[in-house]
Amino acid sequence: MHGVDGFMYPNEVELQWSVLIVLYPYITGLVAGAFILASLERVFNVEAVRPTYRLALLTALAFLLVAPLPLQLHLGHPERSLEMYLTPHTSSAMAMFGFVYLWYLTVVLLLEIWLEFRADIVRMSKTTTGMQRLLYKALTLGSDNVSPAARIIDDKVGYTVTVIGIPSAFLLHGYVGFIFGSIKANPWWSTPLMPIVFLFSAMVSGIAAVMVLYAVCMKARKTVIDMHCMDTIARYLFYTFVIDFTLEMLDLIHRTYEADESFHSLNFMVHTRLWTSHIIVQILFGTLAPLLMLAATQLIRFREGVRRALYLTSGGLILVGIFAMRWNVVIGGQLFSKSFLGYTSYKLDFVTREGLISAGLLMLLPFAILAALLKVLPPWSQPISNASSAD
Amino acid sequence: MEMTRRDLIEIGGKLLVLASAGATLEQIIGAEPAPEAYKTAEHWWGMLIDIGKCIGCGNCVRACSNENHVPDGYFRTWVERYQIDGDKQPLVESPNGAIDGFPLPVTADVKAFFVPKLCNHCVDSPCVQVCPVGATFISPDGVVLVDESYCLGCRYCIQACPYGCRYLHPEKQTVDKCTLCYHRITQGLTTACCENCPTQARVLCDFKDPKDPIHEFLKKNKVQVLKAYMATEPKVKYKDLDVAVR
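Protein chains in written order, with the numbering used here: chain A, 1 to 391; chain B, 1001 to 1246.
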């Protein structure tokens, strides 16, 4: 049979989860990572990353709004997706997605963003005119008290939301890892390390995304990049990446040393069908190269321009590498037979519902949403309370 | 006494009435009692597959396909042929699910046998566990079914099945699989695959029926299940299952 080596169970030849399901963990990972970066400033008082705080929140929101779309587009019956909320099957890991998602969207992210931007929204509801005024008026939700006392309450509630938000971000992405890690039928996925590997890779990708976006935005606005901020983000990125890499290596060593019945099959797959995406893109260019670059910036005091170039290159490589990691998990996990006797292949369609064009548009959509959010809620000005508290 | 034409017609008419009344009476008295309503709690369905008896004819695959309108290229049941040459990697084939049987083996001097496969109707089914809306469920009589009016088509159950028994129906866009011919077995019939097996390699069993021959068979024979280490408790049992079978 075309594209098949050895023996596959007849129903296994066709892959069930396409590139859209690759996007799902990738996008939720960016959300979780961006939020964790934001919480560095808010909860852990890492003041150096303050210039990215609001940008990180808006980035998380833009990607979170798109996160369910690949799943929705993938369903055989998207019109029935609401059933997951109405009649969830409590033993199913996937059934919890809707609730985890809604919790994170409404209780954590929207609330924190609203509290953070409230003073600006109120100010703009009074200084703008026409449709803009109506928009900002609506966004105030009827609350236009921005007195110092009110802002102190905002700040306290915002802090509490962020404290709740950190485990929620962990839950959001750890849960995505659990969806794969709990499938005992698939040895490529079935490992208790999967949620934690997903979580740390999410943090890596989210931090890298915000770092790159910050630099791009500053460049676009012809504003000076705060290198102290970039240095600090890069340092945290490096630390998180080391943990992520360690966990992935632990998984690899464990599999190799244990060498259970699936090992030969998986080993063969990594050396053939997944060689490019796994070894070359994910490990070599997506992990080792950026890790070495980031390590070099920690050991050697480069000039500002060199540091900036190294940060942006490593950030870009990380984003590609983590995408490759998601690809290798989702697609790779379906390329071998559960009989361990054969391999199939995945052909990415171009214009079908689950093809390259759909995936590309879904990947561009968060950036369009982010551009709109940046327009409505410019993150560059400091909020009133913080400005006053900084005085 | 002379019999007129009128007398003949009269006697014939009376005999006809008597005969039809007798036949009706016989129908009423001698008829089989109406079958009792099917009670799910009284059954626990499974299947016994005797590998030594399977000849790889593919009758079961064809019968299943016809009975259940299985779309081309997808399989509720299929047959695999294993050819094992000593310690070498086994050669396993299932050309188009063996719907047309198998070509002749390449070499004769190897251990060769056929393994019919279908949903194992596991007691602890991973597919049932993972379905986000409960569209896949196990019936009270032990058959794993899919409610196609409820299935989202997310395909999580296909990923969770260790045996590759599920597929997404290309037209319905819902998950489809072996129902153990539920529409037949609840009417007192056997499955289409069992009915069409010329060697009785596949036999439907009711583990709750004390009269079912499976109980006697299990007392006298050694049986195995597929991937026992998955702890899914399959209700499809195999006699003479080789260690090479996955």
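C-beta atoms are modelled at their ideal positions from N, C-alpha and C, and glycine is treated no differently.
Beta-ladder partner(s) of B/W1045, from DSSP: B/D1206
Anticipated Cβ contact below 8 Å, A/G332 with A/H278, distance rounded: 7 Å
Selection of the segment 1225-1246 of chain B by Cβ proximity to chain A, strictly under 8 Å: M1230, R1246
Three-way DSSP call (helix, strand, coil) for B/P1116 in this model: strand
Within 8 Å, strictly: CB atoms of B/P1162 and A/K338: yes
Residues of the segment 11-29 of chain A with Cβ closer than 8 Å to any Cβ of chain B, in chain order: Listed by position along the chain: N11, E12, E14, Q16, W17.
Buried versus exposed call for A/M8 [16 or more other C-beta atoms within 10 Å across all chains shown]: A/M8 comes out buried.
Under 8 Å between C-beta atoms of B/G1097 and B/V1061: yes
Given A/H77 as reference, the closest of B/A1231, B/I1158, B/Q1187, B/G1153 once Cα atoms are compared: B/G1153
B/W1078 in three-state terms, based on DSSP: strand
Closer than 8 Å to chain B by CB, A/R80: So, interface residue.
Best match in A/T344, A/Y343, A/A359, A/W327 for proximity to A/F350 [C-alpha to C-alpha]: A/A359
Residues near A/G426 in its chain [Cβ-Cβ closer than 6 Å; skip 5 each side]: Since the displayed chain A opens at 1 and closes at 391, residue 426 of chain A lies outside it and no answer follows.
C-alpha distance - A/M363 paired with A/V320, whole-angstrom precision: 13 Å
Contacting positions in the segment 1125-1147 of chain B - beta carbon closer than 7 Å to chain A: Result list: P1126, Q1129, V1130, C1131, P1132, V1133, G1134.
Closest residue to B/C956 among B/W1078, B/V1133, B/E1042, B/F1217 (Cα-Cα distance): As shown, chain B starts at 1001 and ends at 1246. That puts residue 956 of chain B outside it, with no answer to give.
Spatial neighbours of B/P1140 in its chain, beta-carbon cut-off 7 Å, leaving aside the 5 residues before and after: T1040, A1041
Of the residues B/K1220, B/K1227, B/H1215, B/M1230, the one placed nearest B/W1044, counting alpha carbons only: B/H1215
Beta-carbon gap between A/G177 and A/F198 smaller than 8 Å: yes
DSSP-derived helix/strand/coil call for B/T1136: strand
Proximity test, Cβ basis, 8 Å: A/F340 and chain B: yes
Any chain B beta carbon closer than 8 Å to A/V76: In the sequence under discussion, the amino acid at residue 76 of chain A is Gly, which differs from the Val named in the question. Interface residue, yes.
Pairwise C-alpha distance: A/F200 and A/D391: Bear in mind that the predicted position of A/D391 carries a pLDDT of just 32, short of 50, making it too unreliable to give a figure here.
Neighbour flag for A/H89 against chain B, beta carbons, 8 Å: yes
A/K33 to A/S205 span [Cα, whole Å]: The sequence given here places Gly at residue 33 of chain A; Lys does not occur at that position. Approximately 6 Å between the Cα atoms of the pair.
CB-CB length for B/G948 against B/D1100, believed under 8 Å: Residue 948 of chain B lies beyond the range of chain B shown here (1001 to 1246); nothing can be said about it.
Contact list for B/P1103 against chain A, beta-carbon separation under 8 Å: Residues of chain A passing the Cβ test: none, with the nearest at roughly 15 Å.
Delimiting residues of the alpha helix (DSSP H) encompassing A/Y239: 227-258
Secondary structure of A/I283, DSSP reduced to three states: Helix.
Contact under 8 Å by Cβ, A/T162 with A/S81: Not a contact, by the Cβ cut-off of 8 Å.
Contacting residues, own chain, Cβ-Cβ under 8 Å from A/D172 (five flanking each side not counted): The residue you asked about is not Asp; residue 172 of chain A is Leu in the sequence shown. Contacts found: T28, V31, A32, V100, Y101, Y104.
Cβ of B/L1152 within 8 Å of any chain A Cβ: yes
Cutoff 8 Å: A/N328 Cβ touching any chain B Cβ: False, the Cβ-Cβ gap to chain B never drops below 8 Å.
Closer than 8 Å at the beta carbon, the chain A residues around B/I1158: N11, Q16
Cβ contact check for the segment 1170-1190 of chain B and the segment 1106-1115 of chain B: 3 or more pairs under 8 Å: no
C-alpha gap between B/T1174 and B/C1151, whole angstroms: 6 Å
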